[in-house]
Structures are given as C-alpha cells and as structure tokens.
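Taking it in order: structure first as structure tokens, then the write-up.
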Amino acid sequence: MRLLWTLPLLLLLGWVSLFALSPLAIAPQDALAGLWQPESGVIGQQLVHEIRLPRLLGGMLVGAQLALAGALMQGMTRNPLASPGLLGVTAGAGLGMALVSTLPQGWLPMPLAATLGGAASWALVMLLGQGWRGAESQARLVLAGVAISALCVALTRTLVILDEEQASAVLGWLAGSLAQIDWPAFARLWPFALPLLLLTLLLGPTLNLLALGDEGAQSLGLSPAISRLVISVLVLLLVGFAVATCGTLGFVGLLVPHLSRALVGHDYRRVLPLCMVLGAVLVTAGDLLGRAMVFPTETPAGAVLALIGAPYFIYLVRRQP
C-alpha cells in the first residue's frame, strides 16, 4: 500500500517539472502537447519535448539506480551507513570519468570508465575495511570508505588542475546536474538501466537471507560469497551508468533505503520496489528545488541533495552505538 501513494507523488512532481520554473514561460497545456507531438512553431512545446522530458526521464532512472544501489550495499554488508557515496564507489566512478575526460576521446566509453573506477575503489574499500568479515568490521569498512573517497576526490581535483581545458566541463559534471541529460544521453542510459533495475528487484529474497548472517544463509542453501559477488557487480553497474549520465549525486543511496525501511519494514521484497520509486522522487524533487533556489539560475541537483543528505548522515552516525 505504501508504494501506491508514492507513484502519484512521482507523477505529480514529474508533471510540474515539465513546465515549472522555466526562464521562458511554459503553459501546462503546452507541456501536455510537448509529451507527444510538439508543434514546430510553439517554443514551449519544443522546450518540453527536447529538454525537459529527457531530463525528467533520465533523472528518474538515475534516482532509482542510486537508491537501489544503496539498498543493495546496506543489505550485502548489513551496515546501515553503507551507500555508494560513503563507501567510495561514487568517488571512484567520478575519478574514472575524470581520467577518461583528460585522455584522447574514444579511448574508453564513459560508462565503462565510471564502472571500472568504482570497481577499483570498492575493491580497495573491501580489502582495507575487511568487508569480507561481515558485521564484525562495520566501523572499519566505513572508515576505509571515507579514506578511499577522499583519495579519489583528491586525485580527481589534481586531474582537473593539470588539464585546464577540461576543467570547467569536469567540474560542472562533478557537481551532479540533470541539465546535461538530453535524448542521446537518455538513449544511452535506458537500455542498460531498465534490465539492471529489474534484476535488482529479484534480489529481495537473497538480501533477506543475507540479513540472517552467513551461517544462517548457508544453512538455507545460499552461498554468501557468490551472492555478494553478484550484488557487487550490480552495484557497480548501477552506479557507473548513473554517474556517467549526470555526474555524482550524493546521499540518494543512503537516505532512500532508510526511508523505505521506515515505511514498509525490513523485508527487501518490499523495500526494493519502494526504493526505486522514492529514489526517482528524491532526484526529481532535488532538481526542482535546484531550479527554484536562485531562479532563473540553476543550482545543481547534487548540491541540493547534499544539503538534504548531510544532516541526515550526521543523525545516523549519532544513532549508531
């Protein structure tokens, strides 16, 4: 039942985002017409179809990806503080993107660069934080994630300084903005994002078994090592394609799983679908707030989400024993 009221909320936010807070006024009826077959002479309809619609759809997909990645990481590590941003995956993906941006074009596809960067960072965090030991090493895992994230951010900034020609583009991308999502970017995203989202939704029973601990999961016929490997690959792909599309959006993977569990409990068969919808809601709302804060200038959605997520992260840390 909780999922039923989140869908209308998502649709309402999406509808408003199509025509609201535009430097050039867009009538609601033009937004409706722009969804299907815009008239060539009506600028409002063209803006909705060519700019606002791919931005909305891409943002929803990215929000769903990051929220599900956070839920997977928290379920896999049994760590309530786990998220792609905190455990270094997002920063590693950003470093991979920045590295490729400073090299000759075509050297490596952006999504692959982000995925490989996130994979290298995640592997270091799991190695240094002894993530294979499970719940016994939660504090060590978080500290390793913070350290590796800081290292990746420092290296990214160094690359930006060394390549002044790419500095403005990379910095704008690292801020995390949906403004750069157009139809070609959306066309590159959805063929990979939709299958990944569907596969993730099937992992609810697996995460429920992992929550019992390794011994409990093994007694019920689940291999924790194989399960963690599959989940890690899914997390890296979800985050890699999201980061390659719109840059780094922090705290979505941390905040949304907690909110979902507060609404529907700890059964991941219900948590994952709600995470997918609430992640899309949060990113869409963050994009709207970013447009409203200093209208007509836009504030990147990544900055808005950081303003929302940072206080919540402090609250979570204070709650931990």
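Reading the sequence shown from the start, the letters are residues 0 to 320 in numbering that gives the first Met the number 0.
Just so it is clear, CB atoms sit at the ideal spot from N, CA and C, and this is done for glycine as well.
Closest by C-alpha distance to residue i, when choosing among the options
i              : options                       : result
valine 303     : Phe312, Leu288, Ala70, Arg268 : Leu288
glycine 57     : Ala279, Arg318, Leu315        : Ala279
proline 53     : Leu34, Gly43, Pro83           : Leu34
aspartate 181  : Gln44, Leu31, Glu49, Leu161   : Glu49
arginine 51    : Tyr314, Ala24, Gly74          : Ala24
proline 204    : Gly246, Leu271, Trp189        : Leu271
methionine 275 : Thr114, Thr199, Gln73, Val316 : Thr199
valine 141     : Ala184, Ala32, Ser82          : Ser82
proline 190    : Gly308, Pro110, Leu80         : Pro110
Buried versus exposed call for residue i [16 or more other C-beta atoms within 10 Å across all chains shown]
i                 : result
leucine 60        : buried
proline 37        : buried
histidine 265     : exposed
phenylalanine 294 : exposed
isoleucine 225    : exposed
alanine 186       : exposed
glycine 215       : exposed
valine 316        : exposed
Contacting residues, own chain, Cβ-Cβ under 6 Å from residue i (five flanking each side not counted)
i              : result
leucine 55     : Gly13, Ser16
arginine 290   : Leu20, Glu297
aspartate 286  : Gly58, Leu177, Ala300
asparagine 207 : Tyr267
isoleucine 147 : Gly87, Ser120, Leu123, Val124
Nearest-angstrom beta carbon gap, residue j and residue i [assumed within contact, 8 Å]
i           : j           : result
alanine 210 : arginine 77 : 6 Å
glycine 144 : valine 124  : 5 Å
glycine 69  : proline 256 : 5 Å
C-beta neighbour in chain D for residue i, strict 8 Å
i          : result
serine 100 : Structure shown: chain D not included; a single protein chain is present.
Other residues of its chain near residue i: CB distance less than 7 Å, five sequence neighbours each side excluded
i             : result
valine 41     : Asp29
threonine 244 : Gly57, Val61, Ile180, Ala184, Leu188
Nonlocal neighbours in the same chain, by C-beta distance under 8 Å from residue i, ignoring five residues either side
i              : result
leucine 195    : Gln64, Leu233, Leu236, Leu237, Phe240
tryptophan 121 : Leu86, Gly87, Val88, Gly91, Ser231, Val234, Leu235
leucine 221    : Thr205, Leu208, Leu209
alanine 26     : Phe18, Gly43
**OP:** Spell out a yes or no on whether the segment 249–258 and the segment 62–71 are touching, meaning 3 or more CB-CB pairs, one atom from each, closer than 8 Å.
**Re:** Short answer: they touch.
Original post:
Quick one: any contact between the segment 232–239 and the segment 83–97, if contact means 3 or more CB pairs under 8 Å?
Top reply: The answer is yes - the segment 83–97 touches the segment 232–239, with three or more Cβ pairs under 8 Å.
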